Each structure stands twice: as C-alpha cells, then as structure tokens.
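Note sheet for the following structure.
Chains as they are written, first to last, in our numbering: chain G, 16 to 290; chain L, 84 to 414.
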C-alpha cells in the first residue's frame with residue numbers, strides 16, 4: 016500500500032520524539048555524572064559534557080563502605096536468583112512433564128503468589144525476622160528475595176520447558192539414558208537461553224529491591240538501593256556524585272538487559288503474561 | 084507388578100520395535116518415570132522445595148500480617164515482646180478516619196489515571212512500532228528498552244534531578260521555551276505537581292513493557308486478516324476494532340490488570356521521590372501503611388492498613404483473578 020509523503024513521514028517524526036523522551040533521562044544521568052561541577056550548576060544546562068571529569072565517580076567509590084555494599088548486593092542478588100532457579104527448575108519440570116493430583120492447585124497457588132503485594136507485607140516480614148534475631152543480616156534478605164522471584168521463575172521456566180519437544184527427551188531415554196540423565200544432558204542445555212532470560216528478571220528484581228531492605232537492615236548488611244537513596248540525603252545537592260552513584264548502580268542492569276532482552280521478552284510473553 | 088525399568092523403552096511411541104508385548108505399560112507411564120511407588124512420589128518430591136519455600140516465606144508472613152493487624156503493637160510492646168490483642172480496634176480506627184479514606188481514594192484514582200495513560204500510550208507506541216521501517220523500529224526499541232531496564236531507585240533519583248528547582252533541566256526547558264513562571268519552579272511543593280512527576284516517572288518506566296509486548300503480539304496476527312478487512316472496506320479504525328483488538332484481547336486484559344497490581348502497590352517511586360510529601364499529601368496506601376507502621380512504630384495499625392490495602396487490591400482485580408481461577412482447566 017503506497018502512502019502519501021505525510022503518511023510516511025509522521026511515524027518517523029513521532030518515533031524521534033519518543034526516542035528523545037525515553038532516552039533523555041538515562042542520558043542525563045550519565046552525562047551529569049561526567050560533568051564538571053561548574054557545568055552542572057550553570058544557568059544554561061550543558062548538554063554535551065565535552066571536557067568531562069571522573070571526580071564524581073571517585074567520590075562515590077570512596078564513600079564509606081561502598082565496596083562492601085557492592086559485594087553485599089552481588090551476593091544477595093546472585094544467591095537468591097541461583098536458589099530460585101534450582102527450586103523452580105524442579106517444580107517447573109514436574110508441572111510440565113508429569114501428571115499428578117494437586118498439579119493444578121499448585122499452579123494456582125504459584126500464580127497467586129506471583130501477585131503477592133510484598134510492599135505491604137514488610138511489617139509482617141520485619142516481625143518474623145526480628146523474632147528470629149536476624150535483623151541486619153544478609154540471610155533473611157536472600158531468602159525473601161528468592162521467594163519474591165520464585166513464582167515468576169517457575170511460571171516462565173514452565174513455558175521454556177514446554178517448548179522443548181518431549182520426543183527429544185524420549186529418544187535420549189530410548190538410547191539408554193535414565194530420566195534424570197535425559198533431563199541433564201538433553202533438556203538442560205536447550206533450556207540455557209530460557210534460564211538466562213528468567214534469571215535476568217530475577218536479577219533485576221533482587222538488585223532493585225528497596226522496601227524490605229529498608230525495614231530489615233537499617234544498621235548493617237545494606238544493599239545498593241538503600242545506599243543510593245541515602246547517598247542523596249548524605250551528599251545533599253551534590254548532583255554530580257548522586258548521578259555517578261546512580262550510573263554505577265544502573266549500568267550492570269542496563270548492559271545485561273540489553274544483551275539478553277530479546278529472549279527475555281519472548282519468555283515473558285510466553286510464560287508470565289498469559290491472559 | 085512389573086517394576087523393571089520398562090519406562091525407558093515405552094516412553095516413545097516411535098520405539099515400536101519393542102512395542103508388542105509391553106504395550107500395556109504405555110498407559111502407565113503418564114505418571115512419569117519407571118518405578119512404581121517411587122515414581123508416584125517423584126512429582127511431589129520435585130515440588131517439595133518450592134512448596135516449603137512458599138509456605139514459610141510467603142504463607143507465614145501473609146498469616147502474620149493478619150495476626151498483627153488484630154494487635155496493639157507499638158514501640159513498648161515491640162521492645163517488651165508482649166502480645167496485646169485488641170480485636171477490631173485497628174480496623175474500626177482506620178475505617179472511621181478521614182485520613183484513611185482520603186488515602187484510599189487517592190490511591191485508587193492515582194492507579195486508574197496511570198493505568199489508563201500507560202495502556203493508551205503504550206498501545207499507540209506498540210502500533211507505531213509495527214508501522215515503522217526496520218531501522219527506525221530498532222532505533223525506538225533501543226530507547227524503550229533503556230527506559231524499561233532502568234532500575235527503579237536510579238530512575239527515581241534521576242527524576243528528582245530532572246525536576247530539581249535550582250538546576251533542573253525541566254524548569255530550564257519550560258522557561259526557555261516561553262513559560263517563564265516555571266523558572267525555578269519547585270515541583271515537590273504541591274500535591275498535584277508531585278503527583279505529576281510521579282506519574283511521568285511511572286508511565287515512562289511502564290510504557291516500554293506494554294509497547295513491546297503489544298508489538299510482539301501484533302507480529303503474530305496474520306497479514307491476510309488485514310487484507311480481508313480492507314477488501315471489506317474497513318479503514319484504519321475499523322481494522323483495529325475488528326481485527327487487532329479481538330486478536331489481542333487477552334493481551335489487553337492481562338496487561339491492564341498486571342499494571343493495576345503493579346501501580347497500586349508502587350512503593351519505591353512514591354516514597355523515594357518526596358517521602359510522601361508535601362504534608363503527607365502524596366502518600367498512597369502502601370506508603371501510608373509503611374509510614375504509620377514502621378515510621379511511627381504503630382505496627383498493628385500499619386498491618387491493619389496493609390490488610391485493607393490487600394482487600395482493595397483484590398476488589399480492583401477480582402475480575403482478572405476470576406479469569407485466572409477459571410482457566411484452571413487449561414493449566
């Protein structure tokens with residue numbers, strides 16, 4: 016269908032406007048973090064930090080306990096994601112490949128669990144953790160983050176496992192593999208992209224989590240989101256350092272997301288948003 | 084009982100060579116791997132870790148929040164480790180307080196406004212993606228993915244900087260392009276303008292998900308359907324109304340309700356951007372529960388607000404939940 020010049024131009028024009036709208040905040044974060052202080056507080060904003068500086072990053076890196084926070088965040092995030100993957104893999108396999116009583120009930124519970132409003136349950140979690148004398152520790156944080164991402168992981172993995180043809184597994188078993196061997200040697204390698212995509216969303220959730228760590232770990236064993244919100248209070252109007260801190264926090268997610276997103280979006284639509 | 088490892092051979096219909104005598108076994112292997120009682124227990128063993136985790140880490144807190152909501156639990160009770168039950172006191176206090184109803188009303192309105200904006204603009208962007216050329220589509224997708232991937236806390240901080248009253252680029256932009264009274268405008272000084280910033284932040288973060296899933300959905304609709312619609316004389320609107328919309332109805336339904344859930348319980352954005360201020364006027368229910376419960380150390384009250392919040396959320400999503408429960412048959 017041929018369209019008029021106008022009909023061909025306006026979608027591109029709108030796309031450019033939208034591009035600016037969506038990219039600008041991210042760009043502004045990165046740009047500000049490289050700007051000299053004089054450029055940050057100039058009355059006309061400097062849009063291109065041509066003679067930039069790294070001093071804001073230095074300041075962020077040298078702030079009290081920064082590297083401990085990074086380590087804590089990485090530990091909590093990766094442990095919770097790995098645990099939830101392991102648990103979810105077992106459950107998802109049972110649910111997709113086996114027929115048994117209680118299967119539907121289990122899936123329903125998981126679907127409801129996926130919608131659990133953690134944000135308003137922090138008071139209960141606080142009491143439970145406090146009563147077990149585990150405040151200011153990474154252990155309960157890891158456990159609850161694992162639970163936060165578990166339902167999503169199960170439902171998404173279920174989609175990925177269902178996509179692996181059953182015949183592959185069966186022919187491996189014909190060739191003499193046990194069911195477990197067939198799973199480990201045939202299904203698991205095929206699941207690798209699915210596992211990566213699923214873990215990406217788990218990673219983002221755990222890396223970002225704020226309400227729970229805010230309540231549980233007020234004194235120690237804190238993570239980066241908490242630091243970032245406090246960084247701003249602690250450093251006042253030092254927007255350069257605050258933006259450098261935000262950039263450091265956001266960068267790993269942005270990079271990983273970019274690499275994995277195509278598979279991830281497919282998995283998300285297949286598994287989680289099944290209307 | 085034939086407890087040998089016959090499961091291995093009989094699983095595949097194609098292993099027909101071994102078929103004849105072992106045909107009856109085919110029926111049994113629906114249950115899973117070979118061996119009798121163990122195989123019947125296998126699925127339950129596989130589900131055990133997930134079930135345990137859900138019970139302990141989600142079920143217990145869910146019960147606990149209800150229990151706490153019937154207690155008087157302030158700083159004193161917390162430190163002394165005493166349990167004081169006070170019946171429905173916390174609930175009656177909340178349900179008769181104007182503050183609670185204002186917050187509830189605010190929350191619902193805030194959620195609806197955001198969801199409508201996100202679904203409307205998100206769908207339009209999805210349709211636009213479908214219409215763009217390949218290169219332009221990639222270009223826009225990159226921007227959408229950037230905004231989507233941006234961590235909430237980082238995004239909130241960046242929006243505070245964008246809308247800063249002294250050196251914020253938004254105020255500069257508005258005043259440079261003619262709206263001079265907006266120079267050094269303090270966005271966080273009034274309820275409406277604070278909500279405007281929160282709404283912009285939330286829509287900015289949420290539109291990409293809707294747009295990209297919408298686009299993914301659009302690519303699955305066969306072109307012949309549009310062809311046929313056009314031959315029947317349908318214009319742009321009609322082919323959307325009668326081809327696109329019915330095909331993507333599950334998408335619209337699912338996404339809308341997911342957005343309702345996500346936005347109604349949005350916590351980080353609302354709390355971190357202005358601590359619910361000015362004068363607690365931008366507190367939504369989850370933030371209200373947090374400020375009353377954890378902030379003011381009235382944990383019982385906070386728990387009651389939390390339970391009421393969950394009930395309102397259930398009411399808002401009842402329609403969707405019913406569909407999920409009904410689709411049980413296809414699970």
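A virtual CB, placed ideally from N, CA and C, is assigned to each residue, including glycine.
Here the structure is a predicted model, which is why all the values come from computation and not from measurement.
| Asked | Found |
| --- | --- |
| Chain-ordered neighbours of residue 147/L on chain G, where CB pairs are closer than 9 angstroms | 136, 138, 139, 140, 142 and 143 |
| Beta carbon proximity, residue 115/G to chain L, threshold 8 angstroms | yes |
| Under 7 angstroms (Cβ pairs) to chain L, residues found in the stretch 232-265 of chain G | 240, 243, 244, 247, 254, 257, 258, 261, 264 and 265 |
| Residue 152/L to residue 383/L span [Cα, whole Å] | 5 angstroms |
| Reduced DSSP category for residue 179/G - H, G, I as helix; E, B as strand; rest coil | coil |
| Spatial distance of residue 257/L from residue 63/G (CA atoms) | 19 angstroms |
| Those runs of the alpha helix (DSSP H) which lie wholly inside the stretch 192-260 of chain L and span at least 4 residues | 217-232, 235-245 and 252-259 |
| Neighbourhood of residue 155/G by C-beta distance below 6 angstroms, restricted to the same chain and skipping five residues each side | 144 and 149 |
| Under 8 angstroms between C-beta atoms of residue 194/L and residue 350/L | no |
| Closest Cα partner of residue 295/L within the set 159/L, 226/L and 395/L | 226/L |
| Check: residue 366/L C-beta below 7 angstroms from any heavy atom of the ligand NAD | No copy of the ligand NAD appears in this structure; indeed no ligand is present at all. |
| is_contact[residue 131/G, chain L] using C-beta, thresh 8 angstroms | yes |
| Residue of 280/L, 249/L, 286/L and 299/L minimising C-alpha distance to residue 268/L | 249/L |
| Endpoints, the alpha helix (DSSP H) within which residue 143/L is located | 143-152 |
| Chain G contact residues for residue 255/L, given Cβ-Cβ distances below 9 angstroms | 58, 59 and 60 |
| is_contact[residue 348/L, chain G] using C-beta, thresh 8 angstroms | yes |
| Short Cβ contact (8 angstroms threshold) for residue 270/L with residue 230/L | no |
| Span of the alpha helix (DSSP H), counted from its first residue to its last, around residue 41/G | 20-49 |
| Proximity of residue 49/G and residue 68/G at Cβ, strictly below 8 angstroms | yes |
| Beta-carbon proximity list for residue 181/G, same chain, < 6 angstroms, skipping 5 on both sides | none |
| DSSP bridge partner residues for residue 168/L (one or two, in chain order) | 154/L |
| Given 8 angstroms, three or more beta-carbon pairs between the stretch 238-252 of chain L and the stretch 277-291 of chain L | yes |
| Backbone secondary structure at residue 69/G - three-state DSSP | coil |
| Nearest residue (CA-CA) to residue 101/G, options 119/G, 211/G, 75/G and 133/G | 211/G |
| Any chain L beta carbon closer than 8 angstroms to residue 27/G | yes |
| Residue burial classification, residue 410/L (beta-carbon count within 10 angstroms, cutoff 16) | exposed |
| Contacting positions in the stretch 209-226 of chain L - beta carbon closer than 7 angstroms to chain G | 211, 214, 215, 219, 222, 223 and 226 |
| Start-to-end residues for the alpha helix (DSSP H) that takes in residue 98/G | 81-112 |
| Validate contact between the stretch 158-171 of chain G and the stretch 198-206 of chain G using beta carbons, cut 8 angstroms, 3 pairs | no |
| Close Cβ partners of residue 220/G (< 7 angstroms) along its chain, the five nearest in sequence each way excluded | 163 and 164 |
| Inter-residue spacing [alpha-carbon to alpha-carbon] between residue 248/G and residue 258/G | 13 angstroms |
| Below-8 angstroms beta-carbon distance, residue 203/G vs any chain L residue | no |
| Residue 47/G at chain L interface by Cβ criterion, 8 angstroms | yes |
| Which of helix, strand or coil DSSP assigns to residue 399/L | helix |
| CB of residue 140/G within 8 angstroms of CB of residue 144/L, strictly | yes |
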